[in-house]
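Asker: Submitted below is the structure of interest, expressed as structure tokens.
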Amino acid sequence: MRNRAEVIPTVVAVLAGLGVVTGGIIWASRAAYSLDGGFESEDQDLSVLFVDLPLILIGGLLIPAAAYAVARHRRGVGIVLALVATGLAAWGLMSWWTPQQGPDGYYEPGM
1 MRNRAEVIPT
11 VVAVLAGLGV
21 VTGGIIWASR
31 AAYSLDGGFE
41 SEDQDLSVLF
51 VDLPLILIGG
61 LLIPAAAYAV
71 ARHRRGVGIV
81 LALVATGLAA
91 WGLMSWWTPQ
101 QGPDGYYEPG
111 M
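Heads up: the sequence shown runs through residues 1 to 111, numbered per our numbering.
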């Protein structure tokens, strides 16, 4: 069995990786229209790539690791708390962060 001091960095790395992957999946699903821009790229917004993506990935990296660090002294509680914090952060991100998902509305159907 490995020493507890050797296991903690591995657990933190796995939880942080899970948070980054979760944030990346949410970002990719929501930012697709802003990156494409719709018809002739008129609605393209690259701020989702240069501003939002780094912030979401940093949050995904730090939130599970911080939650684990808070409760790591109790066996098993740290992992559960980190997973719950990751889930709550993902829910909050999906509730709060809403980049443009379609045309602005000034387009009318063809005549």
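Glycine included, every Cβ here is placed at the ideal spot set by N, Cα and C.
Keep in mind it's a predicted model, so treat the numbers as computed, not measured.
If we call anything under 8 Å between Cβ atoms a contact, is residue 16 one with residue 61?
Answerer: yes
Asker: Cutting at 8 Å between CB atoms, please list the residues of its own chain near residue 65, excluding the five before and the five after it.
Answerer: For residue 65, where only same-chain residues beyond five positions count, the Cβ hits under 8 Å are 12, 15, 16, 19, 82.
Asker: Which term fits residue 88, buried or exposed, when burial requires 16 or more other beta carbons within 10 angstroms of its beta carbon?
Answerer: By the 10 Å Cβ count, residue 88 comes out exposed.
Asker: My guess is that residue 45 and residue 99 are in contact by the Cβ rule of under 8 Å, so how many angstroms apart are they, rounded?
Answerer: 7 Å
Asker: Rounded C-beta distance between residue 94 and residue 26? I'm assuming under 8 Å.
Answerer: 6 Å
Asker: Within 10 angstroms of its Cβ, does residue 7 collect 16 or more other Cβ (buried), or is it exposed?
Answerer: Flag for residue 7 reads exposed.
Asker: Alpha carbon to alpha carbon, how far is residue 37 from residue 73?
Answerer: Their Cα atoms are separated by approximately 48 Å.
Asker: Between which residues of its own chain and residue 91 is the CB-CB distance below 8 Å, once the five residues before and five after are set aside?
Answerer: none
Asker: Quick test of your reading: residue 69 and residue 77, contact by CB under 8 Å. State the CB separation rounded to the nearest angstrom.
Answerer: Contact doesn't hold; Cβ gap of about 12 Å is too wide.
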